[in-house]
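To start, the structure under review is shown below, and the notes come after it.
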Amino acid sequence: MDRFHAMEAFVCVVDSGSFSGAARHLGVGQPSVSKLIAGLEERLQVRLLIRSTRRLTMTEAGQSYYAHARRALDEANEAEATARVSASGLQGRLRICAPVTFARLHIAPILGKFMDLHPDLKLEVVMDDRTVDLLEENIDVAFRLGDLADSSLTARKLATSERLVLASPAYLERHGRPLSPGDLLAHEAIVYSQTAPPTVWL
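Residue numbering for the sequence shown follows the numbering used here, beginning at 4 and increasing consecutively.
In structure tokens, the structure reads:
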């Protein structure tokens with residue numbers, strides 16, 4: 004933690020232009036800031052700042068260290084902000100899409116509970132059976148059924164689903180009962196498909 008404090012103190016000294024300005028920003032005494040910088044230079048065994056009565060000047064090593072330290076502090080602050088948002092729930096806009104029947108059966112029933120957990124989230128649900136272009140329509144999350152097409156997007160398998168071939172008793176009485184998948188080729192069918200031609204049975 005002292006290493007982090009020393010890095011933060013050094014960046015504050017450079018940004019404020021003085022030890023006293025850094026001390027005010029950090030809420031500590033000036034001697035504490037001086038001690039942190041001295042300890043940092045001792046540990047690194049290099050001079051980072053040249054002190055004069057009028058101003059502070061960074062050495063070449065100090066300039067290099069400042070650039071890396073500034074980036075490290077910014078990333079640390081971003082990590083903390085992300086953690087706080089995660090702890091307080093999702094915020095902003097989330098736009099999801101799913102096939103109509105799937106959304107009605109599996110997404111709509113849990114939307115109320117989901118929104119109760121994330122009251123600051125604005126949720127948009129697009130129910131559409133076509134293959135939506137996620138980038139073109141600004142979709143954050145999409146639920147897809149069937150084989151996944153080649154894509155550079157991140158995908159995760161959530162579950163498997165069963166597909167059934169159904170027939171009414173009246174149809175079977177007229178056309179006979181198929182005994183094997185091959186028999187289906189001789190039967191009439193209503194085939195629903197989002198990708199393959201409707202005449203293809205998979």
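Ideal Cβ placement from N, Cα and C applies to all residues, glycine included.
Stretch pair the stretch 111-126 + the stretch 55-68: three plus CB contacts closer than 8 Å:
no
Where R147 falls, given that 16 or more other Cβ within 10 Å makes a residue buried
Locating residue 147 in the sequence shown gives position 144, where the first residue counts as 1. Under this definition R147 is a buried residue.
Specify the secondary structure class of T60 as computed by DSSP and reduced to three states.
Indexing the sequence shown from 1 puts residue 60 at position 57. The answer is strand: DSSP assigns T60 an E or B state.
Taking only beta-carbon positions, decide if S67 is within less than 7 Å of chain C.
The chain inventory of the structure shown lacks chain C, comprising one protein chain alone.
Compute the beta-carbon to beta-carbon distance between L126 and L161, rounded to the nearest angstrom, for a pair I have assumed lies under 8 Å.
Taking the sequence shown and counting its residues from 1, one reaches residue 126 at position 123. Taking the sequence shown and counting its residues from 1, one reaches residue 161 at position 158. Contact between L126 and L161 is ruled out by a C-beta separation of about 18 Å, above the 8 Å threshold.
Inter-stretch contact (C-beta, 8 Å, three-pair minimum) for the stretch 129-139 and the stretch 178-189:
no
Spatial neighbours of S23 in its chain, beta-carbon cut-off 6 Å, leaving aside the 5 residues before and after
The residue you call residue 23 lines up with position 20 of the sequence shown. Here the set comprises Q33.
Can you tell me the Cα-Cα spacing of V49 and T85, whole angstroms?
Here residue 49 refers to the residue found at position 46 of the sequence shown. Here residue 85 refers to the residue found at position 82 of the sequence shown. Rounded to whole angstroms, V49 to T85 spans 34 Å at the Cα level.
If you measure between the beta carbons of V17 and L76, is that distance less than 7 Å?
On the sequence shown, position 14 is the one that residue 17 refers to. On the sequence shown, position 73 is the one that residue 76 refers to. Going by C-beta atoms, V17 is not nearer than 7 Å to L76.
Assign A79 to one of three DSSP states: helix, strand, or coil.
Counting from 1 along the sequence shown, the entry for residue 79 is found at position 76. In the structure shown, A79 sits in a helix (DSSP, three-state: H, G or I).
Can you tell me whether A25 is buried or exposed? The criterion is at least 16 other CB atoms within 10 Å of its CB, across all chains shown.
One-based indexing of the sequence shown puts residue 25 at position 22. It counts as buried.
Report the partner residues of V44 according to the DSSP bridge assignment.
The residue labelled residue 44 in the question sits at position 41 within the sequence shown. Strictly speaking, residue 44 in this sequence is Glu, with Val absent from that position. Note: E44 sits in no beta bridge, so no partner.
Report the option in A12, L151, A158 and D150 whose CA atom is closest to the CA atom of D143.
Start at 1 with the first residue of the sequence shown, and residue 143 comes out as number 140. The shortest C-alpha separation from D143 is found at A158.
Taking the Cβ atom as the reference point for each residue, do L51 and E44 lie within a distance shorter than 7 Å?
For the purposes of this step, residue 51 is taken as the residue at position 48 of the sequence shown. For the purposes of this step, residue 44 is taken as the residue at position 41 of the sequence shown. Against a cut-off of 7 Å, the Cβ pair of E44 and L51 comes out as a contact.
Using 10 angstroms around the beta-carbon of V36, count the other beta-carbons present and answer buried if the total reaches 16, otherwise exposed.
Here residue 36 is taken as the residue at index 33 of the sequence shown, counted from 1. By the C-beta density criterion, V36 is buried, having at least 16 other C-beta atoms within 10 angstroms.
Indicate the three-state DSSP secondary structure (helix, strand or coil) for G65 in the structure shown.
Within the sequence shown, the letter at position 62 stands for residue 65. If DSSP states are grouped into helix, strand and coil, G65 belongs with the helices.
Quick one, are the C-beta atoms of G30 and A9 less than 7 Å apart?
The residue given as residue 30 occupies position 27 in the sequence shown. The residue given as residue 9 occupies position 6 in the sequence shown. Against a cut-off of 7 Å, the Cβ pair of A9 and G30 comes out as no contact.
Straight-line CA distance for R27 to N80?
In the sequence shown, the residue the question calls residue 27 occupies position 24. In the sequence shown, the residue the question calls residue 80 occupies position 77. The alpha-carbon atoms of R27 and N80 are separated by roughly 20 Å.
I believe L93 touches H121 by the beta-carbon criterion, under 8 Å. Please report the beta-carbon distance rounded to the nearest angstrom.
On the sequence shown, position 90 is the one that residue 93 refers to. On the sequence shown, position 118 is the one that residue 121 refers to. Contact holds; Cβ gap of about 4 Å.
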